[in-house]
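Report on the following structure.
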Amino acid sequence: MTSRLMKSFTVAAFSIFSIFISLPSYAQGGHGENGGEKKEGFNAQKIIFGHILDGHEFHFFDIINKDGSHTPIGIPLPVILYSPQKGFDVFMSSKFHHGEHDHDGYRLLTEESVEKLKAEGVDVKKEGLHSGQIVPVGTDGKIDKAVSVYDFSLTRNVVQMILALTLLVWIMISIANKYKKGLGVKTAPTGMQNLMEPIIAFVRDEVAKPNLGNRWEKYLPYLLTVFFFILINNIFGLIPGTANVTGNIAFTVVLGLISLVVIVASSRKYYWGHIFNPPGMPIGIKLILVPVEILSFFIRPMALIIRLFANMVAGHIIIICLISLIFIFANLNEYAGWGTSIFSIAFTIFIYFIEILVAFIQAFIFSMLTAVFIGQAFEEPHHDDAHAAH
Amino acid sequence: MDFFLLETVGSIANAGGAIGAGLAAMGAGIGVGQIGKGAVEAIARQPEALNDIRSNMILTAALVEGAALFAIIVGFLAMVL
Numbered sequence: 172m173t174s175r176l177m178k179s180f181t182v183a184a185f186s187i188f189s190i191f192i193s194l195p196s197y198a199q200g201g202h203g204e205n206g207g208e209k210k211e212g213f214n215a216q217k218i219i220f221g222h223i224l225d226g227h228e229f230h231f232f233d234i235i236n237k238d239g240s241h242t243p244i245g246i247p248l249p250v251i252l253y254s255p256q257k258g259f260d261v262f263m264s265s266k267f268h269h270g271e272h273d274h275d276g277y278r279l280l281t282e283e284s285v286e287k288l289k290a291e292g293v294d295v296k297k298e299g300l301h302s303g304q305i306v307p308v309g310t311d312g313k314i315d316k317a318v319s320v321y322d323f324s325l326t327r328n329v330v331q332m333i334l335a336l337t338l339l340v341w342i343m344i345s346i347a348n349k350y351k352k353g354l355g356v357k358t359a360p361t362g363m364q365n366l367m368e369p370i371i372a373f374v375r376d377e378v379a380k381p382n383l384g385n386r387w388e389k390y391l392p393y394l395l396t397v398f399f400f401i402l403i404n405n406i407f408g409l410i411p412g413t414a415n416v417t418g419n420i421a422f423t424v425v426l427g428l429i430s431l432v433v434i435v436a437s438s439r440k441y442y443w444g445h446i447f448n449p450p451g452m453p454i455g456i457k458l459i460l461v462p463v464e465i466l467s468f469f470i471r472p473m474a475l476i477i478r479l480f481a482n483m484v485a486g487h488i489i490i491i492c493l494i495s496l497i498f499i500f501a502n503l504n505e506y507a508g509w510g511t512s513i514f515s516i517a518f519t520i521f522i523y524f525i526e527i528l529v530a531f532i533q534a535f536i537f538s539m540l541t542a543v544f545i546g547q548a549f550e551e552p553h554h555d556d557a558h559a560a561h
Numbered sequence: 458m459d460f461f462l463l464e465t466v467g468s469i470a471n472a473g474g475a476i477g478a479g480l481a482a483m484g485a486g487i488g489v490g491q492i493g494k495g496a497v498e499a500i501a502r503q504p505e506a507l508n509d510i511r512s513n514m515i516l517t518a519a520l521v522e523g524a525a526l527f528a529i530i531v532g533f534l535a536m537v538l
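Line order of the protein sequences matches chains A and B.
Using the numbering used here, the final residue of the first sequence is 561, and nothing's skipped along the way.
Using the numbering used here, the final residue of the second sequence is 538, and nothing's skipped along the way.
Okay, here's the thing in structure tokens:
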């Protein structure tokens, strides 16, 4: 009985929903004939890339004025430019007024100005111009190619990373001082120690000890640093309105290269012998195996880099897409927007919890795989099972 | 005509990226499903080895997922470039 009631209710709800979707097609048709002003549609792609990429300000939301213009609300960040011709130049990004004004002969490119340049016949792709970039402009209002400019600005990724790092260092130093005084060593841990001790013990017992044998103590500081640095940046990125630091390829490339340096620095002769001259192999197989081993040497840190980058970017895109769905439907019809928002927000909350899990898992995976690769690098040959294994 | 051709090429690239991402997700789904199946069976046989199995499961699942994410990035690039 209940299921039948539920079924008829679903059918009724769906029919009403479809009516609301199908209605505006008539309404809009009439509107178009009257020649009303063209309403600017919701551009999901712009919103997504505006969040994923780096920027010169923290942008929270826009206020739509009565005349239809947008007033962006956000926190401006310092812009630091160096040009061999003009010297250093430091000012706040609010001086650009979101790309509407030039300042000191510099211009902040926006989506609109890049489109305008395209229309003027400038090969945007070839000259490497993109929105969010700062370019020098001459007195005639065109891009001055004679002036080269280096952008050392504190972008939102940098600012957020510094904030996260400050918090992390503060937490870690405060609990380290407690342990130095003897608090929590023999007695129960207090305060922040309760939060951090299980995680530190987890990294030690699950990541360092099983993979690094008797040398785990030497590598534990590096593994803990990587783990907590990725973790706190992942979690900071989940706060609405903040930047997407771990989803920035430059950030993950640097972490991956540091891991590669640690792997190479801890390698022994046997590791390189394994790559360039695999023991106990006929020459024909060596010809195939050596290139594969050399490739895998580079692919391992590359996989670390791409995994962290793609996971965080994908998570952020999914959340913004779900929220964007509301506005895409609201563009069709206001009530469809309200209806979608219920499902969309419920699903977003679900994905949000998964993202919190992913923040931990990615930090764990990065430090775990680094530990596995370091362990392989300083492995000594086991004479008893070496022939059986190869 | 040129404009029309350009539009078609763009939409084909979009379709290719989307189909590629979908295929990668399918492959990763099968892979992660196999890992989960193996882990659950192993835990059913040996509940005392739960912690070892779980951490190995997460690690292997992340490796499979990494391959899928490579494909998704490539699909994404096919759409954007």
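All C-beta atoms, glycine included, are put in the ideal place defined by N, C-alpha and C.
Simplified DSSP state of residue i, which is helix, strand or coil
i      : result
A:E283 : helix
A:T326 : coil
A:T358 : coil
A:S254 : strand
A:V308 : strand
A:V416 : coil
A:R375 : helix
A:V261 : strand
A:H222 : helix
A:G239 : coil
A:I146 : Since the first and last residues shown for chain A are 172 and 561, residue 146 of chain A lies out of range.
A:D273 : coil
B:D509 : helix
A:E464 : helix
A:H487 : helix
A:E291 : coil
A:R439 : coil
A:G299 : coil
A:H230 : strand
A:G546 : helix
Distance between beta carbons of residue j and residue i, contact taken as under 8 Å
i      : j      : result
A:I246 : A:I234 : Their Cβ separation, rounded to whole angstroms, is 15 Å, which puts A:I246 and A:I234 out of contact at 8 Å.
A:A542 : A:A379 : 6 Å
A:H179 : A:H227 : Reading off the sequence, residue 179 of chain A comes out as Ser, not His. At roughly 55 Å, the Cβ-Cβ gap does not stay under 8 Å, so A:S179 and A:H227 are not in contact.
A:P552 : A:Y441 : 5 Å
B:A496 : B:M514 : 4 Å
B:I492 : B:A518 : 5 Å
A:I536 : A:L409 : About 17 Å; that fails the 8 Å criterion.
A:G418 : A:M473 : In fact, because the Cβ distance is near 17 Å, the residues do not count as touching under 8 Å.
A:I403 : A:L339 : 5 Å
A:F213 : A:I499 : 6 Å
A:R439 : A:F549 : 5 Å
A:V250 : A:I305 : 7 Å
A:I489 : A:T511 : With 8 Å as the limit, A:I489 and A:T511 do not qualify as a contact, their Cβ atoms being about 16 Å apart.
Burial state of residue i (16 or more Cβ within 10 Å)
i      : result
B:V537 : exposed
A:M332 : buried
A:H487 : buried
A:P569 : An answer regarding residue 569 of chain A cannot be provided, because it is not within the stretch 172 to 561 covered by chain A.
A:L493 : buried
A:W341 : exposed
A:V529 : buried
A:A436 : exposed
A:V356 : exposed
A:V432 : exposed
A:E271 : exposed
A:A481 : buried
B:E522 : buried
A:V463 : exposed
B:L480 : exposed
Cβ neighbours of residue i in the same chain (closer than 8 Å, five flanking residues each side left out)
i      : result
B:A506 : A499, I500
A:S254 : D260, P307, V318, S319, V320, Y321
A:L428 : P472
A:H222 : N415, H487, I491
A:V461 : I446, F447, N448, P449
Neighbourhood of residue i by C-beta, 7 Å cutoff - its chain only, sequence neighbours within 5 removed
i      : result
A:L224 : G303
B:S531 : With the sequence shown as reference, residue 531 of chain B is identified as Val, and Ser is not the correct amino acid for it. Answer for B:V531: G477, listed in chain order.
A:F531 : L402
Residues near residue i by beta carbon distance below 6 Å, same chain, minus five either side
i      : result
A:K266 : H274
A:F398 : V374, A534, S538
The ligand COA heavy atom lying under 8 Å from the CB of residue i
i      : result
A:K289 : No copy of the ligand COA occurs in the structure displayed, which carries no ligand at all.
Measuring CB atoms only, is the segment 422-434 of chain A touching the segment 462-482 of chain A, in the sense that at least three cross pairs come out at less than 8 Å? yes
Contact between the segment 502-509 of chain A and the segment 363-372 of chain A is defined here as three or more beta-carbon pairs at a separation below 8 Å; is this criterion met? no
With three or more beta-carbon pairs closer than 8 Å as the criterion, would you say the segment 378-396 of chain A touches the segment 447-458 of chain A? The answer is no - the segment 447-458 of chain A does not touch the segment 378-396 of chain A, with fewer than three Cβ pairs under 8 Å.
For the segment 345-355 of chain A against the segment 277-294 of chain A, do three or more pairs of beta-carbon atoms, one drawn from each stretch, fall closer than 8 Å, so that the two count as touching? no
Per the contact definition of three or more C-beta pairs closer than 8 Å, is the segment 508-515 of chain B in contact with the segment 518-525 of chain A? No: fewer than three Cβ pairs fall under 8 Å.
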